[in-house]
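A.B. asks: Take this structure, written in structure tokens, and hold onto it; I'll ask about it next.
Residue numbers (our numbering): 4 to 251.
Pasting the structure below:
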């Protein structure tokens, strides 16, 4: 795909601004850091994504083996790797790195390593904006898993370590722009504004996008699968996996 073709597409929300401020810095930072070894940003992006995919798959397998069984973990990880959308994990995009930190943080939390889980969450929050929400998952996990002194220490580690990298990034952008909320304000250039769920999914049609219906159907299907899975989990384990409910 050539640059001139990108600018000829009918849907152009991502071309309204070249501002990098809506995007989190960890992935490009790692690319530039590795680029000091030898200069090829594109190649380093592919290497980081595929390495993150490999390590993330290991964490996913171990995580699901703890929660369910090794057989369940094997097949779930296999489907994760061969999914039709898994090409996203191999390109120069943040998905693989984000999932590595997500699975790693969950695994560490379940193993009782709350400081490491908080650190990985902190890194996740500067990889993709949805990573910030994962703090709520860790709070629920810590409350369910720990008690007494360990619960207090785990929540204190989350409160101190968890926001560290995000606050540092926000402060850096403030020094550059004089705006504490530049991350939120700059989202508008990319069409990311406050809107209802209805507008979010049906709004695609106003751009004439052929996959708008697919987006809506996939959302409903994914939500149905999540609820069905949680029902099965409740039936087998006798409890709701509230962390997954919250994050889903």
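Note that CB positions come from ideal geometry on N, CA and C, so glycine has one too.
Enumerate, from N- to C-terminal direction, the unbroken alpha helix (DSSP H) stretches of 4 or more residues contained entirely within the segment 104-142.
C.D. replies: Qualifying alpha helix (DSSP H) stretches, in chain order: 117-127.
A.B. asks: Alpha carbon to alpha carbon, what distance is there between residue 132 and residue 27?
C.D. replies: Whole-angstrom Cα-Cα distance: 7 Å.
A.B. asks: Pairing CB atoms from the segment 86-96 with CB atoms from the segment 125-144, are three or more of them under 8 Å?
C.D. replies: Touching, no.
A.B. asks: Only counting the same chain, and skipping five residues up and downstream in sequence, which positions put a Cβ closer than 8 Å to that of residue 49?
C.D. replies: The answer, listed in chain order, is 93, 94, 95.
A.B. asks: Can residue 25 and residue 186 be called in contact, C-beta distance under 9 Å?
C.D. replies: In contact: residue 25 and residue 186 (Cβ atoms closer than 9 Å).
A.B. asks: Per DSSP, what kind of secondary structure is residue 173 in: helix, strand or coil?
C.D. replies: In this structure, residue 173 counts as helix in the three-state DSSP scheme.
A.B. asks: How would you label residue 162, buried or exposed, when you count the other beta carbons within 10 angstroms and need 16 or more for buried?
C.D. replies: Counting Cβ neighbours within 10 Å, residue 162 comes out exposed, since fewer than 16 surround it.
A.B. asks: Helix, strand or coil for residue 40? Go by DSSP, reduced to three states.
C.D. replies: DSSP places residue 40 in coil when its eight states are reduced to three.
A.B. asks: Give me the residue from 167, 130, 168, 121 with the minimum Cα distance to residue 145.
C.D. replies: For residue 145, the nearest C-alpha among the options comes from 121.
A.B. asks: Considering only the beta carbon of each residue, do residue 108 and residue 168 sit closer than 9 Å?
C.D. replies: Going by C-beta atoms, residue 108 is not nearer than 9 Å to residue 168.
A.B. asks: Whole angstroms is fine: what's the gap from residue 73's alpha carbon to residue 64's?
C.D. replies: Residue 73 and residue 64: Cα-Cα distance of roughly 8 Å.
A.B. asks: Give me the Cα-Cα distance between residue 173 and residue 196, rounded to the nearest whole angstrom.
C.D. replies: Going by the C-alpha atoms only, they are around 19 Å apart.
A.B. asks: For residue 43, count neighbouring Cβ atoms within 10 angstroms of its own Cβ and tell me buried if that reaches 16, exposed if not.
C.D. replies: Looking at its Cβ environment, which holds fewer than 16 other Cβ atoms inside 10 Å, residue 43 is exposed.
A.B. asks: Would you mind reading off the limits of the alpha helix (DSSP H) that contains residue 227?
C.D. replies: Taken as a continuous stretch (DSSP letters only), the alpha helix (DSSP H) holding residue 227 covers 215-240.
A.B. asks: Within the same chain, show all residues whose beta-carbon is closer than 7 Å to that of residue 81, passing over the 5 residues directly before and after it, in chain order.
C.D. replies: Answer for residue 81: no residue qualifies.
A.B. asks: On the criterion of 16 or more Cβ atoms from any shown chain inside 10 Å, does residue 98 qualify as buried, or is it exposed?
C.D. replies: Classification of residue 98: buried, given that the 10 Å Cβ count is 16 or more.
A.B. asks: Per DSSP, what kind of secondary structure is residue 180 in: helix, strand or coil?
C.D. replies: Three-state DSSP puts residue 180 in a helix.
A.B. asks: Nearest to residue 113 by CA position, among 52, 125, 100, 147, is which residue?
C.D. replies: With distances taken between Cα atoms, residue 113 lies closest to 147.
A.B. asks: Pull up the CB-CB distance for residue 250 and residue 140, whole angstroms please, since I reckon it's below 8 Å.
C.D. replies: That belief holds up - the Cβ atoms of residue 250 and residue 140 are roughly 5 Å apart, short of 8 Å.
A.B. asks: Alpha carbon to alpha carbon, how far is residue 268 from residue 218?
C.D. replies: Nothing can be reported for residue 268: it is not among the residues displayed for the chain, which extend from 4 to 251.
A.B. asks: Tell me whether residue 80 sits in a helix, a strand or coil according to DSSP, three-state version.
C.D. replies: Residue state, collapsed to three classes: helix.
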